[in-house]
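Colleague:
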Ligand SMILES: Cc1cc2nc3c(=O)[nH]c(=O)nc-3n(C[C@H](O)[C@H](O)[C@H](O)COP(=O)(O)OP(=O)(O)OC[C@H]3O[C@@H](n4cnc5c(N)ncnc54)[C@H](O)[C@@H]3O)c2cc1C
C-alpha cells in the first residue's frame, strides 16, 4: 500500500528536524523518517559551546532531547524506519524497511557516516565488539582504558567526554593534532588523557584482557577502541538521479563538506522548507 505525502524528510538530525518544524509552521504537514534516534550525530557531542542561540552550554544528548521534544510538541508525524531506496519520478518513491510511499517533495538529511579503518589494518573479528565509531550508544564506560584512533575535533571531543570516568589514549598518526585550540588546551590540562604521537596502526587483536593495538612502536593495550578518522556523506541511495530531480533536496552535513555545524545544518533545513513552500504555493 502506497501512502501519498506532500513532503517527506529523511533523517531527524538537526537539519531534518529544523526542516520539519519550519515546514509545519508554514502550514504543510511533513512526514519525518528516522532510522535510529532523533538528534542524529550531535548526540555524541560532549559540550555545545559554539551555537550562539543557546543561552547555556549543553551536552549533545541534552540538545537531542530538546529536538525530540520539539518534534513531539509540534505533533510532527515520525516513522522510525530505515529508508532503503529512493526512486525519483513525477512523484518520488521512498522505500523503507517496512513500507513504500510516494511523496511530492523529498528532503534527504541523512548526515554522514564514520570512515572505517583502511583494509591494511588487520582486525581480529573477535576484537570487533570492542571497537566503536561513535560514543552516543556505547555501554557506560568506567575505569577503562580507551584508545581513540584519530586526532581531529571528534576524537578530542570523545576523549574529553570519556575522560570523566576513564583513562584515554589519543593515537595520532602525525606529530600534531588536527583539532581546534579550545579542545586541545582542555586535553593538555586533563590528567586522564595522554596524546600518543606518530603512531601508525598495523593491526588490532584480542588480548588476554581487552585488546591489543599493534603499531610501528610498542603495542598498546586498551579495553575499548574508538575510531574517529573522519566522516563521509551518507546517502540512502547511490542513484545520481536524485541530485538532478528538482523536488529532491539533499541538505545538512551530507553536502556541507567540512562545514559541519548545527547552526549551518539547521539553517539549511529552514531554507529548504521555505524553498519547498514557495514552489508548492506556485504549483
Ligand atoms: C563528537 C562531535 C561533537 C560535535 N560537536 C558539535 C558542536 O559542539 N557544535 C556544532 O555545531 N556541531 C557539532 N558537531 C557536528 C554536528 O553533530 C553535526 O553538524 C550535525 O549533527 C549534522 O546534522 P545533520 O542533521 O545534517 O546530520 P546528522 O546529525 O548526522 O543526522 C542524520 C540523521 O539521519 C538518520 N539517517 C541516516 N540514514 C538514514 C536512513 N537511510 N533512513 C532514515 N534515517 C536515516 C541518522 O540516523 C541521523 O539521525 C559535533 C559532531 C561530533 C561527532
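In the numbering used here, the protein residues as written are 506 to 788.
By construction, the Cβ of each residue, glycine as well, lies at the ideal position given by its N, Cα and C atoms.
Measuring straight from C-alpha to C-alpha, what distance separates residue 632 and residue 652?
Modeller: If you take the alpha carbons of residue 632 and residue 652, they lie about 13 Å apart.
Colleague: My output table needs one value for residue 647: the three-state DSSP class, helix, strand or coil.
Modeller: DSSP places residue 647 in coil when its eight states are reduced to three.
Colleague: Please report how far the alpha carbon of residue 511 lies from the alpha carbon of residue 608, in whole angstroms.
Modeller: Approximately 5 Å between the Cα atoms of the pair.
Colleague: Along the chain, where does the alpha helix (DSSP H) containing residue 689 start, and where does it finish?
Modeller: Unbroken alpha helix (DSSP H) run through residue 689: 686-694.
Colleague: Could you round the C-beta distance between residue 614 and residue 518 to whole angstroms and report it? I think they count as a contact, below 8 Å.
Modeller: Indeed, because the Cβ distance is near 6 Å, the residues count as touching under 8 Å.
Colleague: Quick test of the definition: if touching needs 3 or more C-beta pairs under 8 Å, does the stretch 617-636 touch the stretch 704-721?
Modeller: Result yes; three or more Cβ-Cβ pairs closer than 8 Å.
Colleague: May I ask which residues mark the beginning and end of the beta strand (DSSP E) holding residue 766?
Modeller: First-last for residue 766: undefined, no H or E at that position.
Colleague: What's the gap between the Cα of residue 537 and the Cα of residue 531?
Modeller: For residue 537 and residue 531, the distance between alpha carbons rounds to 16 Å.
Colleague: Applying the 10 Å Cβ sphere with the 16-neighbour rule, what's the burial state of residue 529?
Modeller: Classification for residue 529: buried.
Colleague: How many Å lie between residue 623 and residue 730 at the Cα?
Modeller: The straight-line gap from Cα to Cα measures roughly 15 Å.
Colleague: Kindly examine ligand 1 and report whether one of its heavy atoms sits closer than 7 Å to the Cβ of residue 757.
Modeller: Flag set: Cβ of residue 757 near ligand 1.
Colleague: Using the C-alpha atoms, what's the distance from residue 776 back to residue 769?
Modeller: Going by the C-alpha atoms only, they are around 10 Å apart.
Colleague: So is residue 764 buried or exposed if we call it buried at 16+ other beta carbons inside 10 Å?
Modeller: Under this definition residue 764 is an exposed residue.
Colleague: Determine the extent of the alpha helix (DSSP H) in which residue 575 is found, giving its start and end residues.
Modeller: Start and end: 565-578.
Colleague: State the beta-bridge partners of residue 738 as determined by DSSP.
Modeller: 617.
Colleague: Helix, strand or coil: which one does DSSP assign to residue 704?
Modeller: Coil, per DSSP.
Colleague: In its own chain, which residues sit with a C-beta less than 6 Å from the C-beta of residue 548, not counting the 5 before and 5 after it?
Modeller: These residues qualify, in order along the chain: 565, 566, 569, 641.
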